[in-house]
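J.: I'd like to ask some things about the structure below.
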Amino acid sequence: MADALVQQFADTIRAAADAKRPLRICGGGSKSFYGNPVTGEDLQVTAYRGIVSYEPTELVITARAGTPLAEIETAMRERGQMLGFEPPHFGGGATLGGCIAAGLSGPRRASAGSVRDFVLGVRLLDGRGTDLAFGGQVMKNVAGYDVSRLITGSLGTLGVILEVSLKALPLPPAELTLCREQSRSDAIATMNAWAGQPLPITGTCHVQKRLYVRLAGAASAVKAAANKIGGEEVGNAAEFWRNVRDQQDVFFSGVRPTWRISLQSTAAELDLSGPQLVEWGGALRWLKSDDDAMSVREAARKADGHATLFRRGATDINAFHPLPEAMMRLHRRVKQAMDPVGILNPGRMYSEW
Amino acid sequence: MNAPVHAIPVDYERQRAVCAALRAFMPEHSVLFEREDVTPYECDGLTAYRQVPMVVALPDNEEQVCAILEVCHALQVPVVARGAGTGLSGGALPMGNGVLLSLSKLMKIIAIDKESRTARVQPGVRNLAISEAAAPFGLYYAPDPSSQIACSIGGNVAENSGGVHCLKYGLTVHNILKLRVATIEGDIIELGGGGLDAAGYDLLALMTGSEGLLGVVTEITVKLLPRPESAQVVLAAFDDVGAAGQAVANVIAAGIIPAGMEMMDQAATLAVEPFVNAGYPTDAAGILLVESDGTHEEVADEIRRIEDIMTQSGAHIVRSSQDESERLKLWAGRKAAFPAVGRLSPDYYCMDGTIPRKRLAEVLRGIAAMEKKYDLRCANVFHAGDGNLHPLILYDANDADQLKRAEDFGAEILKLCVDVGGTITGEHGVGVEKIDSMCMQFKSAELEIFHALKHAFDEPGLLNPGKAVPTLHRCAEFGRMHVHAGTEKFPDIPRF
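Listed in order, the protein sequences are those of chains L and P. Numbered per the numbering used here, the first sequence spans residues 8 to 360. Numbered per the numbering used here, the second sequence spans residues 56 to 551.
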């Protein structure tokens, strides 16, 4: 059954490559808003699903691309583990394949690492329909180029992801969220100061003049850190972080475009209009703004960062920060190496390919 | 040495042309070509493979690196980049018709930013020098490969180096934010950025561990971490290595990610103890060292739990370090394992496979059977937390039959690692040493993708050609590493 599906995907890709007909790779559709629109024949991969193997004592889980993230997280929670990068779901239906292809991480990213940090191996079909495997199911592996991490965040433009192996992390025994009133610029300074100390912080968020910090680890360590940091305890903390992760917080409502600005954590206040939500110890700033794309991108560039038009509204502006010419050339060549005919999600990342 | 050296006659005309082109922008003393000047660069930490380079170029800055690459591109001369030369897989083995590009003079720590917890460094900076420079701010650079007192950060990026603490703190790829890279055309590209991600493909990850085949790293921005408040290590001794392996699984199952978790078998402790007096029980079949670090509360809590797990898993000795000097002493034995084993035998051959941990007992039994089959001894040290196994095969290279048996022994171990779902190299890299074993690990379609990616970065194929990825028709036999006792480079550097 699984083999037949892979065969069917491969046949579809080969036929599309022969006919030079673009394919639009579809998972659960929870992140279809992300990136630039793609015109092409749908290649629906959600039927290729299921956990292939899960070895809690090896800290490795392998699952097929169509597996719902929720199913994976439930299986891991039952064994006292989790996905360390706290992937966003953005409503229901998010799949593992989409999670890897989008490469987005949640509030725990600044402390635990990003999606790609947890990817150990990937099996995929390239733009010729060839079945390929890179990396593996072990923690340390330096054989060959790190193609599985290259695939992460490539938005389906380099291959159709079939299976992924991820490193698992134990659930922390205790968790506590504290909150204080603080201005945004003070909060950014506080977040950076905390990050320079050995504190068990696994999430920070500043929104509407309040700074939230999540502590996690051994109960004694959480308690000691809470005493050190101070602030009032937040009651419905799990819901708060889930809402930040999935952009259900009221901050994200409204019709204005949502910008995702990833920059140096210490970058000063951005001279841009509209409300901001700060995460990742200051290294991620969400902006609801009608400012023009040039100004937003220039502000990000000045802080050695980049700005993504995350939720676009009605605009045809490229979602992703423009690349320097030499980098764009290199990207095109990398794309050609994996998808020579250019049929996989063309234009999803950059309109040129 | 124990491997034949294929001397390539120097093409003097080409050598003159390359030197002349380089001297147009470099001082005379930075372009070496006389035999006695270039011979020190003939090998890296894998001394079995040697080749004198045609020219050695020692740039002072990034502009010169770019200009050298531009010259090599124009003259179609292959380039091999070299950091400190401590690599164990021959990744920096020069070419007789090529330029050896030594980054050793690019050793400036450009900036340490306490607020953003980052360091901007040149590639020739030693790994440990970064942590030393960051120490006054209470910060350090986490990846700590065993050769950290000598190895360079540029080489760490090229190999994606790990270390004893990588289960908890990750490899090089997890701890760098930005690279400046010179392409074969002599252009500079920036990968990554000041934030935690960058626009476009994750070329930072692709570049890390690419063994100098895609570009030459000229500047690295690394992430610095706050120094843990406290660290403590538990020593546990077992009558059976299978039980020790189970104890490791039990620690993970209890939801603990130790800062380090190392195993040594009896052959290894017997070699180490008289050498270091670390206090290891030499009558045990295997010992574990399990370290916890973090806040005082975390460490106290975790050490107590680890001790309980060790006892419940059947350890007959469980002991925790009571102070920093005892902790360092317990680690000293582990760090001295390679040289200690090297004292037992004229030569040893170090393997670097990674396996799923649950297959450990089976793999060790397999290796024990191979000891009988090949009539050679083997000591095993193991990064137990992440499954990275270093079997050390003892042999005498002056005995041709022993050499042959050691090679076959090693090949069979690597094959066993792949067969149980593991990999041929966990951290030492492929280089020239394991290039043939790549054929076991990957199908030809996957190797073709590697070649296509190489072509995307380096169209003329001039950057470190012939390393890391075998040509399809080469896939025939296995390569390996030999270390001759006392004659290896940097014999005083701990290897683990």
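Heads up, the beta-carbon is just placed ideally off N, CA and C, and yes, glycines get one too.
Please name the residues in the region 123-156 of chain L whose beta-carbon is closer than 8 Å to at least one beta-carbon of chain P, in chain order.
T.: R123, D124, D133, T137, D138, L139, A140, F141, G143, Q144, V145, M146, K147, N148, V149, A150, G151, Y152, D153, V154 and R156
J.: Quick one: Cα of A70 of chain L to Cα of T64 of chain L, how far?
T.: Within the first sequence, residue 70 of chain L is the residue found at index 63, counting from 1. Within the first sequence, residue 64 of chain L is the residue found at index 57, counting from 1. Computed Cα separation, rounded: 17 Å.
J.: Using 8 Å as the cut-off, can you tell me whether the region 257-274 of chain P makes contact with the region 378-395 of chain P, which would need three or more C-beta pairs spanning the two stretches below that distance?
T.: no
J.: Distance, Cα to Cα, V132 of chain P vs D115 of chain P?
T.: Counting from one through the second sequence, the residue named residue 132 of chain P turns up at place 77. Counting from one through the second sequence, the residue named residue 115 of chain P turns up at place 60. Between V132 of chain P and D115 of chain P, the C-alpha separation is close to 20 Å.
J.: Would you call the region 284-298 of chain P in contact with the region 185-196 of chain P, where contact means no fewer than 3 C-beta pairs closer than 8 Å?
T.: no
J.: Report yes or no: do the region 146-165 of chain L and the region 79-88 of chain L share at least 3 C-beta pairs separated by less than 8 Å?
T.: no
J.: Just curious, the beta strand (DSSP E) that Q283 of chain L is in, first and last residue?
T.: One-based indexing of the first sequence puts residue 283 of chain L at position 276. Q283 to E286 is the span of the beta strand (DSSP E), which, as asked, contains Q283 of chain L.
J.: Can you list, in chain order, the residues of its chain whose CB lies under 8 Å from that of G534 of chain P, leaving out five sequence neighbours each side?
T.: Locating residue 534 of chain P in the second sequence gives position 479, counting from the first residue. Residue confidence for G534 of chain P is low, a pLDDT of 38 falling below 50, so the modelled location carries little weight; the figure read from the coordinates is stated next. So the qualifying residues of the chain are V487, E488, K489, I490, D491 and S492.
J.: Within a Cβ cutoff of 7 Å, which residues of the same chain sit near S269 of chain L, ignoring the five residues on either side of it in sequence?
T.: Counting from one through the first sequence, the residue named residue 269 of chain L turns up at place 262. Excluding sequence neighbours, S269 of chain L sits near A290, L291, G312 and H313.
J.: Could you spell out where the alpha helix (DSSP H) holding N182 of chain P opens and where it closes?
T.: Here the question's residue 182 of chain P lines up with position 127 in the second sequence. Unbroken alpha helix (DSSP H) run through N182 of chain P: N182 to A189.
J.: Determine the chain L residues that contact A511 of chain P at a beta-carbon separation under 8 Å, and present them in chain order.
T.: Sequence index remark: in the second sequence, residue 511 of chain P carries index 456 (1-based). Within 8 Å Cβ-Cβ: L337, R340, V341, Q343 and A344.
J.: So what does E450 of chain P bridge to, in DSSP terms?
T.: Residue numbering aside, residue 450 of chain P sits at position 395 when the second sequence is read from its first letter. The residue asked about is misnamed: residue 450 of chain P is Tyr in this sequence, not Glu. Looking at the DSSP assignment, Y450 of chain P forms a beta bridge with P:D402.
J.: Is Q255 of chain L close to chain P, meaning its C-beta is less than 8 Å from at least one C-beta of that chain?
T.: Residue 255 of chain L sits at position 248 when you count from the first residue of the first sequence. Taking Cβ atoms only, chain P never reaches closer than 8 Å to Q255 of chain L, which makes this a no.
J.: Classify H84 of chain P: buried if its beta carbon has 16 or more other beta carbons within 10 angstroms, exposed otherwise.
T.: In the second sequence, the residue the question calls residue 84 of chain P occupies position 29. When all chains shown are included, H84 of chain P counts as exposed.
J.: On the three-state DSSP scale, how would you describe H438 of chain P?
T.: Mapped onto the second sequence, residue 438 of chain P falls at position 383. H438 of chain P: strand per DSSP, three-state reduction.
J.: Find the nearest neighbour of L131 of chain L within the set L:L111, L:V257 and L:I107, judged by alpha-carbon distance.
T.: Your numbering for residue 131 of chain L matches position 124 in the first sequence. Relative to the Cα of L131 of chain L, the nearest Cα in the group L:L111, L:V257 and L:I107 belongs to L:I107.
J.: Does DSSP classify E467 of chain P as helix, strand or coil?
T.: By one-based count along the second sequence, residue 467 of chain P stands at place 412. Reduced to three states, the DSSP call for E467 of chain P is helix.
J.: Could you check where the alpha helix (DSSP H) with T197 of chain L kicks off and where it finishes?
T.: Looking up residue 197 of chain L in the first sequence gives position 190. Element bounds for T197 of chain L: R191 to A202.
J.: Can you find a CB in chain L that lies within less than 8 Å of the CB of Q496 of chain P?
T.: Locating residue 496 of chain P in the second sequence gives position 441, counting from the first residue. Q496 of chain P counts as touching chain L.
J.: Three-state secondary structure (DSSP) at W248 of chain L?
T.: Within the first sequence, the letter at position 241 stands for residue 248 of chain L. Of the three classes helix, strand and coil, the one that applies to W248 of chain L here is helix, per DSSP.
J.: What residues from chain P crowd round R116 of chain L, counting only those whose CB sits closer than 7 Å?
T.: As a first step, residue 116 of chain L is located in the first sequence; it is residue number 109 there, counting from the start. In chain order: L251.
J.: Compare the C-beta of E65 of chain L with all C-beta atoms of chain P and state if any pair is closer than 8 Å.
T.: As a working mapping, residue 65 of chain L is identified with position 58 in the first sequence. Chain P contact via Cβ: present.
J.: Could you give the DSSP three-state label for A237 of chain P: helix, strand or coil?
T.: Position 182 of the second sequence, counted from the start, is the residue given in the question as residue 237 of chain P. Of the three classes helix, strand and coil, the one that applies to A237 of chain P here is strand, per DSSP.
J.: Would you say R412 of chain P lies against chain L (beta-carbon separation less than 8 Å)?
T.: For the purposes of this step, residue 412 of chain P is taken as residue 357 along the second sequence, with counting starting at 1. Chain L contact via Cβ: present.
J.: Return helix, strand or coil for A70 of chain L, following the three-state DSSP convention.
T.: Residue numbering aside, residue 70 of chain L sits at position 63 when the first sequence is read from its first letter. Reduced to three states, the DSSP call for A70 of chain L is strand.
J.: Tell me which residues of the region 257-290 of chain L have at least one Cβ-Cβ distance to chain P shorter than 7 Å, keeping chain order.
T.: S269, L270, Q271, S272, T273, W287 and A290
J.: Roughly how many angstroms separate the alpha carbons of A322 of chain P and D99 of chain P, rounded to a whole number?
T.: Your numbering for residue 322 of chain P matches position 267 in the second sequence. Your numbering for residue 99 of chain P matches position 44 in the second sequence. Just so you know, the alpha carbons of A322 of chain P and D99 of chain P end up roughly 28 Å apart.
J.: Which residues in chain P sit within 7 Å of Q14 of chain L, going by Cβ to Cβ distance?
T.: Within the first sequence, the letter at position 7 stands for residue 14 of chain L. Neighbours of Q14 of chain L on chain P: none; closest Cβ ~16 Å, over 7 Å.
J.: Per DSSP, what are the beta-bridge partners of M356 of chain L in this structure?
T.: In the first sequence, the residue the question calls residue 356 of chain L occupies position 349. For M356 of chain L, which the question treats as bridged, DSSP gives no partner whatsoever.
J.: Which stretch, first to last residue, makes up the alpha helix (DSSP H) that contains A429 of chain P?
T.: Within the second sequence, residue 429 of chain P is the residue found at index 374, counting from 1. Here the sequence assigns Tyr to residue 429 of chain P, which means Ala is not the residue at that position. For Y429 of chain P, the uninterrupted alpha helix (DSSP H) segment begins and ends at L415 to Y429.
J.: Considering only residues of the region 311-351 of chain L, which uninterrupted beta strand (DSSP E) runs meet the minimum length of 3 residues and lie entirely inside it, listed in chain order?
T.: You should have 313-318.
J.: For P281 of chain P, decide whether its Cβ has a neighbour in chain L, counting only Cβ atoms nearer than 8 Å.
T.: Here the question's residue 281 of chain P lines up with position 226 in the second sequence. Under the Cβ criterion of 8 Å, P281 of chain P is counted among the residues facing chain L.
J.: Going by the CB atoms, is the gap between R221 of chain L and I236 of chain L shorter than 8 Å?
T.: By 1-based counting over the first sequence, the position of residue 236 of chain L is 229. By 1-based counting over the first sequence, the position of residue 221 of chain L is 214. For I236 of chain L and R221 of chain L, no; Cβs fall outside 8 Å.
J.: Considering only residues of the same chain and omitting the five flanking positions on each side of T211 of chain L, which have a CB-CB separation below 6 Å?
T.: As a first step, residue 211 of chain L must be located in the first sequence, where it is residue number 204. Cβ neighbours of T211 of chain L beyond the five flanking positions: M198, V220 and G288.
J.: Taking beta-carbon pairs under 8 Å, can you tell me which members of the region 354-371 of chain P lie near chain L?
T.: A355, D356 and E357
J.: Is it right to say K390 of chain P is buried, meaning 16 or more other beta carbons lie within 10 angstroms of its own, or is it exposed?
T.: Along the second sequence, one-based indexing puts residue 390 of chain P at 335. So K390 of chain P counts as buried.
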